[in-house]
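Notes for the one structure printed next.
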Amino acid sequence: MIWLRKNRSGHSRPTLGRVLQRANLGLALIAVGTAGIFLTLVALFALRAYANHNLHLIARSISYTVEAAVVFGDRPYIREAMVLIASKEEVSEAKILDNGGNVLVSWHRPKDGPLHGLEQIVAHWALPEPVVLPISHEGKQVGKVWLSGNGGSLLRFLLRVFWA
Numbered sequence: 015m016i017w018l019r020k021n022r023s024g025h026s027r028p029t030l031g032r033v034l035q036r037a038n039l040g041l042a043l044i045a046v047g048t049a050g051i052f053l054t055l056v057a058l059f060a061l062r063a064y065a066n067h068n069l070h071l072i073a074r075s076i077s078y079t080v081e082a083a084v085v086f087g088d089r090p091y092i093r094e095a096m097v098l099i100a101s102k103e104e105v106s107e108a109k110i111l112d113n114g115g116n117v118l119v120s121w122h123r124p125k126d127g128p129l130h131g132l133e134q135i136v137a138h139w140a141l142p143e144p145v146v147l148p149i150s151h152e153g154k155q156v157g158k159v160w161l162s163g164n165g166g167s168l169l170r171f172l173l174r175v176f177w178a
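When we follow our numbering, the leftmost residue of the sequence shown carries the number 15, and every step to the right adds one.
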């Protein structure tokens, strides 16, 4: 097959078939790249929604667990229950507040590891605002659960996706 033909001046130029093949290849690459970027963005926003929903579920679980302890002011049990749940989940910081906004108990995930700063950036993007849910007893609010998300698992997932 002849890919290049010489014109009258002796210079080589591509054939019509070669020009069309290159144009089709370029369009195909642009289409695949655009679809890839679009699907990645959709996946990231879906992950953001799932992370937010997960944080709400964790807050609700903590709220139910510490309800009686908040009513009776049992700070050691509040701390024990909150740490038991929050330390196993994607929580960076957790607080239990009374109705006046005073902190009864607070907990922070240890700031260790080489990617801690990057985890916080990812967590701030994925969960820009902390989750605050009421603690209710017999239909009355007796306190609040305040949770801030941790981006560790999300960061590890993103690193696996982009390095794969």
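Don't be surprised by glycine CBs; every beta carbon is placed ideally from N, CA and C.
| message | Please tell me whether residue 101 and residue 159 are closer than 7 Å, where the distance is taken between their beta carbons. | response | No, the pair does not count as a contact, with Cβ atoms beyond the cut-off.
| message | Relative to the C-alpha of residue 105, which candidate in 120, 36, 92 has its C-alpha closest? | response | When each option's Cα is compared against that of residue 105, the closest is 120.
| request: Determine the direct distance from the alpha carbon of residue 42 to that of residue 108, and round the result to whole angstroms. | output: The C-alpha of residue 42 is placed about 49 Å away from the C-alpha of residue 108.
| message | Measuring alpha carbon to alpha carbon, tell me which residue in 40, 162, 80 is nearest residue 122. | response | Out of 40, 162, 80, the CA that lies nearest to the CA of residue 122 is found in 162.
| task | Using only alpha-carbon positions, find the residue among 56, 150, 165 that is nearest to residue 132. | result | When the alpha-carbon of residue 132 is set against those of 56, 150, 165, the nearest one is in 165.
| With a Cβ-Cβ cutoff of 7 Å, do residue 145 and residue 70 count as a contact? | Cβ distance < 7 Å, so residue 145 and residue 70 count as in contact.
| field | Whole beta strand (DSSP E) elements within the segment 17-58, 3-residue minimum | value | If we require 3 residues or more, the beta strand (DSSP E) runs fully inside the segment 17-58 come out as 18-20, 26-28.
| said: Since residue 65 and residue 140 should fall inside the 8 Å C-beta cutoff, what is the C-beta to C-beta distance between them, to a whole number of angstroms? | reply: Confirmed, Cβ separation roughly 5 Å.
| request: Pull up the distance between the alpha-carbon of residue 103 and that of residue 81, whole angstroms please. | output: Between the C-alpha atoms of residue 103 and residue 81 there is a straight-line separation of about 20 Å.
| request: Please report how far the alpha carbon of residue 53 lies from the alpha carbon of residue 143, in whole angstroms. | output: Answer to the nearest angstrom: the Cα atoms are 25 Å apart.
| message | In whole angstroms, give me the CA-to-CA distance for residue 85 and residue 177. | response | The alpha-carbon atoms of residue 85 and residue 177 are separated by roughly 49 Å.
| message | Classify residue 63: buried if its beta carbon has 16 or more other beta carbons within 10 angstroms, exposed otherwise. | response | Burial call: exposed.
| query | Terminal residues of the continuous beta strand (DSSP E) containing residue 107? | reply | Taken as a continuous stretch (DSSP letters only), the beta strand (DSSP E) holding residue 107 covers 105-112.
| request: Assuming residue 79 contacts residue 95 (C-beta within less than 8 Å), just tell me the rounded distance between them. | output: Right, their Cβ atoms sit about 5 Å apart.
| task | Report yes or no: is there a C-beta of chain C within less than 7 Å of the C-beta of residue 119? | result | Here chain C cannot be found, since the structure has a single protein chain.
| message | Quick check on residue 157: does DSSP put it in helix, strand or coil? | response | Three-state DSSP puts residue 157 in a strand.
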